[in-house]
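Okay, structure first, notes after.
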Amino acid sequence: MNNMFINTGYKNILPFVRLGVLILPILLLLYSCQEKRSETDRKIDELMSKMTLDEKIGQMTQICFSTITHDGTKSLKLHPDSFRSAVINHHVGSFLSGTGSAREWIVFINEMQKIAVEESRLGIPLLIGIDHIHGANYVNEGTFLPHNLTLSCSFDTLLVSKCAEITAIETIGLGINWNFSPVLDLGKNPYWPRLYETYGEDPLVCGKLGSAYIKTMQKINIKNYSRLAACGKHFIGYSDPKSGWDRTPAEIPGQILYEQHIVPFEMGIDAGVESIMINSGEVNGIPVHTSKQLLTHVLQKQLGFEGIIITDIKDIMKVVEMHSGAKNEKEATLMAIEAGVDVSMACNSYDFIRYVRELIKEGNITEERIDHSVKKVLKLKYKLGLFEQTYMKEHYDTVYRKQTHLQIAQKAAGESIVLLKNTGILPLKDFNGTILLTGFASNSKRLLNGSWTLEWQGAEERRQPRDMYTLKTALAEEFPGSQIIHFINDTITTDKKRQFRAMARQCDVIVVTAGEELYSEFKGNIPNLKLDKTQQDWLKMTINADKPVVLILIEGRPRIITGLEKDMKAIIFAGYPGVMGANAIAGILSGRINPSGKLSFTYPRHVHHNVPYYHKISEEYIPLYPFGHGLSYSTFKYNHLQMNDTLIKHKREKIDVSVEVSNTGSIEGKETVLWYISDLTGRITRPVKKLAHFEKKHIKPGEKVLFNFTIIPEQHLTYPNRHGNKILENGKFVLRVGPYEKCFVMDLEDTSTY
Ligand code: BGC
Numbered sequence: 002m003n004n005m006f007i008n009t010g011y012k013n014i015l016p017f018v019r020l021g022v023l024i025l026p027i028l029l030l031l032y033s034c035q036e037k038r039s040e041t042d043r044k045i046d047e048l049m050s051k052m053t054l055d056e057k058i059g060q061m062t063q064i065c066f067s068t069i070t071h072d073g074t075k076s077l078k079l080h081p082d083s084f085r086s087a088v089i090n091h092h093v094g095s096f097l098s099g100t101g102s103a104r105e106w107i108v109f110i111n112e113m114q115k116i117a118v119e120e121s122r123l124g125i126p127l128l129i130g131i132d133h134i135h136g137a138n139y140v141n142e143g144t145f146l147p148h149n150l151t152l153s154c155s156f157d158t159l160l161v162s163k164c165a166e167i168t169a170i171e172t173i174g175l176g177i178n179w180n181f182s183p184v185l186d187l188g189k190n191p192y193w194p195r196l197y198e199t200y201g202e203d204p205l206v207c208g209k210l211g212s213a214y215i216k217t218m219q220k221i222n223i224k225n226y227s228r229l230a231a232c233g234k235h236f237i238g239y240s241d242p243k244s245g246w247d248r249t250p251a252e253i254p255g256q257i258l259y260e261q262h263i264v265p266f267e268m269g270i271d272a273g274v275e276s277i278m279i280n281s282g283e284v285n286g287i288p289v290h291t292s293k294q295l296l297t298h299v300l301q302k303q304l305g306f307e308g309i310i311i312t313d314i315k316d317i318m319k320v321v322e323m324h325s326g327a328k329n330e331k332e333a334t335l336m337a338i339e340a341g342v343d344v345s346m347a348c349n350s351y352d353f354i355r356y357v358r359e360l361i362k363e364g365n366i367t368e369e370r371i372d373h374s375v376k377k378v379l380k381l382k383y384k385l386g387l388f389e390q391t392y393m394k395e396h397y398d399t400v401y402r403k404q405t406h407l408q409i410a411q412k413a414a415g416e417s418i419v420l421l422k423n424t425g426i427l428p429l430k431d432f433n434g435t436i437l438l439t440g441f442a443s444n445s446k447r448l449l450n451g452s453w454t455l456e457w458q459g460a461e462e463r464r465q466p467r468d469m470y471t472l473k474t475a476l477a478e479e480f481p482g483s484q485i486i487h488f489i490n491d492t493i494t495t496d497k498k499r500q501f502r503a504m505a506r507q508c509d510v511i512v513v514t515a516g517e518e519l520y521s522e523f524k525g526n527i528p529n530l531k532l533d534k535t536q537q538d539w540l541k542m543t544i545n546a547d548k549p550v551v552l553i554l555i556e557g558r559p560r561i562i563t564g565l566e567k568d569m570k571a572i573i574f575a576g577y578p579g580v581m582g583a584n585a586i587a588g589i590l591s592g593r594i595n596p597s598g599k600l601s602f603t604y605p606r607h608v609h610h611n612v613p614y615y616h617k618i619s620e621e622y623i624p625l626y627p628f629g630h631g632l633s634y635s636t637f638k639y640n641h642l643q644m645n646d647t648l649i650k651h652k653r654e655k656i657d658v659s660v661e662v663s664n665t666g667s668i669e670g671k672e673t674v675l676w677y678i679s680d681l682t683g684r685i686t687r688p689v690k691k692l693a694h695f696e697k698k699h700i701k702p703g704e705k706v707l708f709n710f711t712i713i714p715e716q717h718l719t720y721p722n723r724h725g726n727k728i729l730e731n732g733k734f735v736l737r738v739g740p741y742e743k744c745f746v747m748d749l750e751d752t753s754t755y
């Protein structure tokens, strides 16, 4: 009896002991995190208690390298006096933008940090910013990856993470700790000259790829180095100006802002993005830099963003000069700070510092408001480990463009490039005939790497990586048994045409490149999306040669090729595929790589008919190639679309769906399954369909692979109103995947907003 009692008592407490064993380490961990957090907070408070007002304002200021270098450019030759003036006299806490070799970077940044830490009164290390938006694109030795628009056609979050990882590894070693990437703007206006910097037109794709990038980039931790902060840009509405031109006004209804543009930022914030850059333009008549509604109410309060809000370059001044939104820069400074700006990318002027000081003295800005921003900046410096790891080793440069990084670069290009059309001519397997290669990008590295490569507008040919292939050299290596003849792109004359015809007579296939010269930002404003006349003429010349033509599009946005496309035997969209782009294109031509990219944007048919795939029912969708289009050398068959239920009666109910995809071709390949949901009626009219989930998997020939998706009402069946509140409406929905669709119904008793 006694024993039984003891035993039972022991058994009674056993679950608690087990629970304790499980919970204790978690509690200890939480406690130590808490400790650590408060320790950092204590350090920040202590540091701030010693700071003068000027020292605080300096932390809110970012200055361009061009202000502190010898020749006033982005070169990495420090002008110590100018730099001391910035750091010692103006107390600047952050700098940005240079270009050069890895070694120059390391020496330059170490020199800056040394002066900041050893000579400034409080020894606060510096934030150093860069736009490494497609790999480490401002380092001579960097691995230049495909630009985001190309990369997003891979629909592969793991691949994007890999790209973020190698970008981080190649950036951290230089001493750079702040990367102004990724662009989270929605690429839905093909005229916008920054389309190629986006992850395409779909909010979910932008959000998922962007947050995969952010998570990986910020988590890479290399022993003895500080970490890297990402920056989601450009909040909000930058990518859809009415005119299509850079930094011109956008008119976007609140409901569309929430349903489309805000989504990737929200996901980026959930992924922990440390900073957000503001849209230079105006939205609905208000320059975003002065919009308290967008920067404080929406970004901070509603979306819960607690990181640094940084202006775009010289943008407080642009409130006056570009928008006439304030009578002078001092007033614009006040408006921007009231709106929520923490750091001004002032670039080459110290006026921001002067104005903030005056505004505080005059009682227009409180010191608490300044402390709020300074605390964020110092917190980031602590979080990144800058106080512990301020200097870089001089021999880090061995990690650049190493074999494994180049392999990722080729994989990224190979899985992103989209085969738009194939009449059966591709792949040129075991081909041993003659290829006539021509077109504007046929022997260029510059055009494959795109803009933002060593220079803002893209560096000239001689600065491009020595070992990089052009299409000409890549084809020669890919097709060792064939003859590659190259016809240099030039002005078309009657004589040229004759020469071309003569050369074409000797060939079996013509490979021609067409697309766009390089541009970034406003330099890419164009009045007409049509392919340039000279390029059209070049394409016509190849078509008239009466040989099969394969067209490769090297471009930052879909330039209209309607009319010409019908005469092509195959068309490939390569975008800006990066340092291994030529190898990837050659691999796709030969069949070494089975293409698996799908369009993350709509390829328009007509110059002024730019309608995304999630258009309204009253609009017509008549693209040349739709969103999600992309061919493979395998064939994939969708079967057995299954749903475990077709009725949702409670908010918390979910529907599990699956589809089986089999590879019915003869080679292995990858398929991206795109799950769409259509809400058939809505008080606010609904898009005809919306991507709800996507996944890419590898499938062997003959193999059947199951793709799953769970429909969650709050996530997939609601939509926001103009205040961002979620609306849930009963009714009929359609799930679409591949060629199939199935209806389901939501019939809740309580549909009050979330
Ligand atoms: C661009 C930003 C970029 C900044 C710093 C601006 O012109 O709009 O995207 O981060 O320059 O280089």
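Per our numbering, numbering of the sequence shown is gapless, rising by one per residue and ending at 755.
Built from N, CA and C at the ideal position, the CB exists for glycine as well.
Practice problem: Compute the Euclidean distance between the alpha carbons of Cys744 and Glu202, then round it to the nearest angstrom. | Solution: As a working note, residue 744 is residue 743 in the sequence shown. As a working note, residue 202 is residue 201 in the sequence shown. Going from the Cα of Cys744 to the Cα of Glu202 covers about 26 Å.
Practice problem: Please say whether Phe523 and Arg248 have beta carbons closer to each other than 8 Å? | Solution: One-based indexing of the sequence shown puts residue 248 at position 247. One-based indexing of the sequence shown puts residue 523 at position 522. Against a cut-off of 8 Å, the Cβ pair of Phe523 and Arg248 comes out as a contact.
Practice problem: Within the same chain, show all residues whose beta-carbon is closer than 6 Å to that of Leu360, passing over the 5 residues directly before and after it, in chain order. | Solution: For the purposes of this step, residue 360 is taken as residue 359 along the sequence shown, with counting starting at 1. The residues are Leu335 and Ile366.
Quiz item: With respect to the beta strand (DSSP E) encompassing Lys705, which residues constitute its N-terminal and C-terminal limits?
Solution: As a working note, residue 705 is residue 704 in the sequence shown. Looking at the DSSP string, the run of the beta strand (DSSP E) that includes Lys705 is Lys705 to Ile712.
Quiz item: Taking the C-alpha atoms as reference points, what is the distance between Glu750 and Leu718?
Solution: The residue given as residue 750 occupies position 749 in the sequence shown. The residue given as residue 718 occupies position 717 in the sequence shown. Each residue's alpha carbon lies about 15 Å from the other.
Quiz item: Can you find at least 3 beta carbon pairs, one from the region 145 to 159 and one from the region 65 to 76, that sit closer than 8 Å?
Solution: no
Quiz prompt | Rounded straight-line distance, which links the Cα of Glu56 to that of Gly45 | solution = Sequence index remark: in the sequence shown, residue 45 carries index 44 (1-based). Sequence index remark: in the sequence shown, residue 56 carries index 55 (1-based). Sequence check: residue 45 is Ile here, not Gly. Roughly 14 Å between the two C-alpha positions.
Quiz item: Are Gln60 and Phe96 touching if we call contact CB-CB under 8 Å?
Solution: On the sequence shown, position 59 is the one that residue 60 refers to. On the sequence shown, position 95 is the one that residue 96 refers to. Contact: no.
Quiz item: At a cut-off of 7 Å, is Ile511 close to ligand 1 when judged by its beta-carbon and the heavy atoms of the ligand?
Solution: If you number the sequence shown from 1, residue 511 lands on position 510. No, the beta carbon of Ile511 sits no closer than 7 Å to any heavy atom of ligand 1.
Exercise. For Asn349, count neighbouring C-beta atoms within 10 Å of its own C-beta (all shown protein chains included) and say buried if the count is 16 or more, exposed if not.
Key: For the purposes of this step, residue 349 is taken as the residue at position 348 of the sequence shown. Label assigned to Asn349: exposed.
Quiz item: What distance in whole Å lies between the Cβ atoms of Ile728 and Tyr720, which are believed to be in contact at a cut-off of 8 Å?
Solution: Here residue 720 refers to the residue found at position 719 when the sequence shown is read from its first residue. Here residue 728 refers to the residue found at position 727 when the sequence shown is read from its first residue. Tyr720 to Ile728, Cβ: 6 Å. Contact.
Practice problem: Since I believe Pro605 is in contact with Leu625 (beta carbons under 8 Å), could you give me their beta-carbon distance rounded to a whole number of angstroms? | Solution: Stepping through the sequence shown from its first residue, residue 625 is reached at position 624. Stepping through the sequence shown from its first residue, residue 605 is reached at position 604. Confirmed, about 6 Å.
Practice problem: Ignoring anything shorter than 3 residues or poking outside the region 104 to 190, list the beta strand (DSSP E) runs there in chain order. | Solution: Within the region 104 to 190, the complete beta strand (DSSP E) runs of at least 3 residues are 128 to 131.
Practice problem: Note down, in chain order, each residue of its chain lying with its Cβ closer than 7 Å to the Cβ of Tyr11, except the 5 sequence neighbours on either side. | Solution: Counted from its first residue, the sequence shown places residue 11 at position 10. Because the pLDDT of Tyr11 is 46, which lies under 50, any placement of that residue in the model is unreliable, and the number read from its coordinates should be weighed accordingly. So the list is empty, once near-sequence residues are dropped.
Quiz item: Between Asp42 and Lys376, what straight-line distance do the alpha-carbon atoms span, to the nearest angstrom?
Solution: Within the sequence shown, residue 42 is the residue found at index 41, counting from 1. Within the sequence shown, residue 376 is the residue found at index 375, counting from 1. Taking the straight line joining both Cα atoms gives about 9 Å.
Practice problem: Using DSSP bridges, identify the partner residues of His694. | Solution: Position 693 of the sequence shown, counted from the start, is the residue given in the question as residue 694. Note: His694 sits in a beta bridge opposite Trp676.
Practice problem: State the beta-bridge partners of Asn640 as determined by DSSP. | Solution: Position 639 of the sequence shown, counted from the start, is the residue given in the question as residue 640. Glu661.
Exercise. Could you please give the first and the last residue of the uninterrupted beta strand (DSSP E) stretch that includes Met278?
Key: Looking up residue 278 in the sequence shown gives position 277. First-last of the beta strand (DSSP E) with Met278: Ser276 to Ile279.
Quiz item: Which residues have their C-beta within less than 7 Å of a heavy atom of ligand 1, listed in chain order?
Solution: Leu97, Ser98, Asp132, Phe181, Lys234, His235, Met278, Ser281, Asp313, Ile314, Met346 and Glu522
Quiz item: Who are the near neighbours of Phe710 in its chain, counting only those whose CB is closer than 6 Å to its CB and skipping five residues on each side?
Solution: Counting from 1 along the sequence shown, the entry for residue 710 is found at position 709. Hits under 6 Å: Val658, Trp676 and His694.
Quiz prompt | Residues near Cys164 by beta carbon distance below 6 Å, same chain, minus five either side | solution = Taking the sequence shown and counting its residues from 1, one reaches residue 164 at position 163. Closer than 6 Å at Cβ, skipping near neighbours: Leu146 and Ala413.
Quiz prompt | Cβ contact (3+ pairs, closer than 8 Å) linking the region 510 to 521 and the region 547 to 560 | solution = The way I'd put it, the region 510 to 521 does touch the region 547 to 560; three or more beta-carbon pairs between them come closer than 8 Å.
Quiz item: In whole angstroms, what is the alpha-carbon distance linking Gly238 and His262?
Solution: Your numbering for residue 238 matches position 237 in the sequence shown. Your numbering for residue 262 matches position 261 in the sequence shown. Their backbone Cα atoms lie some 6 Å apart in a straight line.
Exercise. State whether the region 547 to 554 contacts the region 208 to 215, with contact taken as three or more CB pairs (one from each stretch) at a distance under 8 Å.
Key: no
Practice problem: Under 8 Å Cβ to Cβ from Cys154, same chain only, skipping five residues before and after it: list those, please. | Solution: Residue 154 sits at position 153 when you count from the first residue of the sequence shown. Excluding residues within five positions, the ones whose Cβ falls inside 8 Å are Gly201, Ser417, Ile418, Val419, Phe574, Gly576, Gly598, Lys599, Leu600, Ser601 and Gly631.
Quiz item: Which same chain residues, not among the five before or five after Lys617, have their C-beta less than 6 Å away from its C-beta?
Solution: Counting from 1 along the sequence shown, the entry for residue 617 is found at position 616. Thr686.
Self-check item: Neighbourhood of Met318 by C-beta distance below 6 Å, restricted to the same chain and skipping five residues each side
Solution: In the sequence shown, counting from the first residue as 1, residue 318 sits at position 317. These residues qualify, in order along the chain: Glu330.
Quiz item: Quick one: Cα of Asp431 to Cα of Ser591, how far?
Solution: As a first step, residue 431 must be located in the sequence shown, where it is residue number 430. As a first step, residue 591 must be located in the sequence shown, where it is residue number 590. Near 7 Å, if we compare the C-alpha coordinates of Ser591 and Asp431.
Quiz item: Taking just the CA atoms, how far does Leu552 sit from Asp568?
Solution: Numbered from its first residue, the sequence shown carries residue 568 at position 567. Numbered from its first residue, the sequence shown carries residue 552 at position 551. Approximately 10 Å, taken between the alpha carbons.
Practice problem: Just tell me which of Leu160, Lys671 and Val674 has its CA closest to the CA of Gln411. | Solution: Numbered from 1 along the sequence shown, position 410 holds the residue referred to as residue 411. It is Leu160 whose Cα lies nearest to the Cα of Gln411.
Practice problem: Evaluate Leu25 with the Cβ neighbour count: other Cβ atoms within 10 Å of its Cβ, from every protein chain shown; 16 or more gives buried, anything less gives exposed. | Solution: The residue you call residue 25 lines up with position 24 of the sequence shown. So Leu25 counts as exposed.
Self-check item: Endpoints, alpha helix (DSSP H) assigned at Val321
Solution: Within the sequence shown, residue 321 is the residue found at index 320, counting from 1. Asp316 to Glu322 is the extent of the alpha helix (DSSP H) around Val321.
Quiz item: With which residues is Asn526 paired in a DSSP beta bridge?
Solution: In the sequence shown, residue 526 corresponds to position 525, counting from 1. Note: Asn526 sits in no beta bridge, so no partner.
Practice problem: Express the C-alpha separation of Ile253 and Lys531 in angstroms, rounding to a whole number. | Solution: As a working note, residue 531 is residue 530 in the sequence shown. As a working note, residue 253 is residue 252 in the sequence shown. Lys531 and Ile253 have their C-alpha atoms roughly 26 Å apart.
Self-check item: Residue range of the alpha helix (DSSP H) that includes Glu202
Solution: Here residue 202 refers to the residue found at position 201 when the sequence shown is read from its first residue. No alpha helix (DSSP H) holds Glu202; DSSP gives it neither H nor E.
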